[in-house]
């Protein structure tokens with residue numbers, strides 16, 4: 001299993017004594033065959049939050065069904081204001097997606113797909129949305 005970091009986000013809490021910083025990291029892990037996992041970690045330190053997200057991603061692994069390194073049918077998923085459409089493609093086309101979706105799909109072992117994102121293009125929402133779409137595979 002190979003881990004990939006999607007995003008690190010710094011959050012600030014203002015209290016009487018000053019500012020308190022904490023970090024949230026989002027990661028995925030996959031074997032580039034047909035397994036993928038998703039995790040989010042929170043901590044006061046960057047390294048701790050990354051470790052937590054990797055651990056959660058490895059614990060939330062699930063299998064997906066692929067046909068010749070692509071998805072067998074059309075997929076649609078919605079999370080928050082993000083809508084994702086995934087279409088199967090021939091081997092010649094390759095991955096026609098944005099950067100965040102490309103990382104998730106490469107980790108899952110999908111090598112040819114066409115995708116369209118409507119609405120919000122927040123990287124965390126897109127990651128959750130594409131994971132949700134891949135769970136709908138038959």
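Residue numbers (full-length UniProt numbering): 1 to 138.
Cβ atoms here follow ideal geometry from the backbone N, Cα and C, with glycine treated the same way.
All of these numbers come straight from a predicted model, not from anything done at the bench.
First and last residue of the uninterrupted alpha helix (DSSP H) at residue i
i, result
"residue 99", "99–108"
Classification of residue i by the beta-carbon crowding that lies within 10 angstroms, buried from 16 upward
i, result
"residue 59", "exposed"
"residue 40", "buried"
"residue 90", "exposed"
"residue 125", "buried"
"residue 62", "exposed"
"residue 113", "buried"
Bridge partner(s) assigned by DSSP for residue i
i, result
"residue 29", "3, 37"
"residue 88", "113"
"residue 14", "19"
Local conformation of residue i per DSSP, three classes
i, result
"residue 50", "helix"
"residue 55", "helix"
"residue 21", "strand"
"residue 67", "strand"
"residue 93", "coil"
"residue 43", "strand"
Run of the beta strand (DSSP E) containing residue i, from where it starts to where it stops
i, result
"residue 130", "Counting along the chain, residue 130 falls outside any beta strand (DSSP E), though it belongs to the alpha helix (DSSP H) covering 123–135."
"residue 76", "75–79"
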